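Report on the following structure.
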Amino acid sequence: MKKRQKILLGLVLLLASPIVLYTIGLARRPARTDVVRTLAPGVTYSRKALSNPRPIQMHIIQMDLTQPGLKSTVTASDTDPANQSDELETTARTATEFLKSSGANLAINASFFYPFRENHPLDYYPHSGDRVNTVGQTIHNGKPYSPHEATRSPLCLNPIGSNPLAQILPDQPCPKDTQTAVSGNEVILMDGKPTDDKGAEDRKNPYARVAVGTDRSGKTLWIVVIDGKQVGYSMGMTLDELARVFQDLGADRALNLDGGGSSTIALQTAQGIELLNAPIHTHLPMTERPVANHLGFYFPKPSP
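Residues 347 to 650 (our numbering) are what the sequence shown spells out, left to right.
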């Protein structure tokens, strides 16, 4: 084959690869059927396929945080203390990569982060291994590595020797001795009621979402992931709709985390890692976005 023909064939394959990946991704998406599964003692997963007011695929994890052996974690910082010019805090990775490196059983993407761009499948940042910065308070194993910001609210988990086990604190830092924390951009439910519109640009627009909620006692944690950006499959929720989901679950407070193409929930089982939702990074279904940090959980060990 002549050199020019080889170059043309290479260009055709390069241009066709997103179409092939898109088609494969469509076939791999979880079915639009309702499912309920027990993942571990005190941990249940449910999937709900809604048709109104638009196609929505919703994923809900409910956790009883009082279960012995149920532990939380978050992506650790890998800033080099000796490198004074390194102001970035973590190395980007996907949820699958996070589960493999941490050994956790469940993971969702968590805090907002920067730098970020998503122009097309060949032009985006970060890739896995790129350096990034989390936004808002982040605590790993009792050690904070990203400071609290006044406009960001944290989810605080597992304070040493005190209750509640989980707290969402509007615009406030976590209590001393909190072991795990990630931050979101808006508290959408407060005292069991949807909060007033704070003017968020996407509050009224359907979008892929990730959010967490707690009950009044701080003993129950809900994780809700909404798929989006996929015509006929799931077109996302508004923040107002998402707040009502948490209200119906019985939550006292709920916090919106990073969503859009970051929205991912992954499960590690004896058979391997399973994507419970349909992430869509760079417009390719079932493609995970590398992000700055993940919120993970270790499940209680099964009885012998």
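We put the CB at the ideal spot given by N, CA and C, even for glycine.
Since we're looking at a predicted model, the values are computed, not measured.
For residue i, I'd like the list of residues in its chain whose CB is within less than 8 Å of its CB, leaving aside the five on either flank, ordered along the chain.
| i | result |
| --- | --- |
| Gln525 | Ser418, Ile485, Asn487, Gly488, Leu503, Asn504, Pro505 and Ile506 |
| Val389 | Ile407, Gln408, Met409, Asp410, Gln413, Leu416, Leu452, Phe643 and Phe645 |
| Gly578 | Pro401 |
| Pro519 | Gln483, His494 and Pro500 |
| Asp380 | Ser392, Arg393, Lys394 and Ala395 |
| Ala496 | Asp517 |
| Ser447 | Arg439 |
| Val420 | Ala456, Thr484, Ile485, His486, Thr526, Ala527, Val528, Asn639, His640, Leu641 and Gly642 |
Taking a contact to mean a Cβ-Cβ separation below 7 Å, would you say residue i touches residue j in this structure?
| i | j | result |
| --- | --- | --- |
| Leu411 | Ile402 | no |
| Ala597 | Pro540 | no |
| Ser609 | Ala554 | yes |
| Pro516 | Ser499 | yes |
| His405 | Ile611 | yes |
| Phe462 | Thr480 | no |
| Asn623 | Val571 | yes |
| His466 | Pro636 | no |
| Trp568 | Gly559 | yes |
| Leu445 | Gln593 | no |
| Asp586 | Ser580 | no |
| Gly530 | Leu601 | yes |
| Ala438 | Asp476 | yes |
Just mark residue i as buried or exposed, buried being the case when its beta carbon has 16 or more other beta carbons within 10 Å.
| i | result |
| --- | --- |
| His494 | buried |
| Ile370 | exposed |
| Lys575 | buried |
| Glu620 | exposed |
| Arg599 | buried |
| Asp289 | Lying before the first or after the last residue shown, residue 289 is absent from the chain, which here runs from 347 to 650. |
| Asp561 | buried |
| Ile657 | Outside the modelled stretch of the chain, which goes from 347 to 650, sits residue 657, for which no answer is possible. |
| Ala616 | exposed |
| Thr440 | buried |
| Thr566 | buried |
| Ala377 | exposed |
Keeping to the same chain, check which residues put their C-beta closer than 6 Å to that of residue i; ignore five residues upstream and five downstream.
| i | result |
| --- | --- |
| Ala456 | Val528, Leu603, Asn639, His640 and Leu641 |
| Val696 | Examination of residue 696 is not possible in this model, given that the chain is present from 347 through 650 alone. |
| Pro339 | Since the displayed the chain opens at 347 and closes at 650, residue 339 lies outside it and no answer follows. |
| Asn398 | none |
| Leu595 | Trp568 |
| Thr384 | Thr390 |
Excluding the five sequence neighbours on either side, which residues of its own chain have a C-beta within less than 7 Å of the C-beta of residue i, listed in chain order?
| i | result |
| --- | --- |
| Gly564 | Asn509, Pro510, Leu511, Ala512 and Gln513 |
| Pro387 | Gln413 and Pro646 |
| Pro631 | Tyr368, Gly371, Leu372, Arg375, Gln576 and Ala624 |
| His627 | Gly607, Thr633, Glu634 and Arg635 |
| Asn551 | Thr584 |
| Tyr471 | Pro461, Phe462 and Arg463 |
| Gly605 | Tyr553, Ala554, Arg555 and Val556 |
| Ser423 | Glu435, Thr436, His486 and Tyr491 |
| Thr442 | Ala612, Ile619 and Glu634 |
| Arg549 | Asp543, Thr584, Leu585 and Asp586 |
Any heavy atom of the ligand MG closer than 6 Å to the Cβ of residue i?
| i | result |
| --- | --- |
| Val591 | Absent from the structure shown: the ligand MG. Ligands present: none. |
What are the boundary residues of the beta strand (DSSP E) that includes residue i?
| i | result |
| --- | --- |
| Leu613 | Ile611 to Thr615 |
| Glu620 | Gly618 to Leu621 |
| Thr419 | Lys417 to Val420 |
| His629 | Premise fails: His629 is in no beta strand (DSSP E) and is neither H nor E. |
| Lys394 | Val389 to Leu396 |
| Leu641 | His640 to Tyr644 |
| Met581 | Element bounds for Met581: n/a, residue is neither H nor E. |
| Ala386 | Val381 to Ala386 |
| Val570 | Thr566 to Ile572 |
| Arg400 | No beta strand (DSSP E) contains Arg400, which DSSP labels as neither H nor E. |
| Leu601 | Arg599 to Asn602 |
| Gln513 | Ala512 to Ile514 |
For the alpha helix (DSSP H) that contains residue i, what are its first and last residues?
| i | result |
| --- | --- |
| Gln593 | Leu585 to Leu595 |
For residue i, decide whether its Cβ has a neighbour in chain B, counting only Cβ atoms nearer than 7 Å.
| i | result |
| --- | --- |
| Asp424 | Here there is only one protein chain, and chain B is not present. |
At what residue ranges does the region 430-508 contain a whole run of the alpha helix (DSSP H), taking only runs of 4 or more? 441-448
Contiguous beta strand (DSSP E) assignments of at least 3 residues, all confined to the region 524-564: 526-530, 532-536 and 555-560
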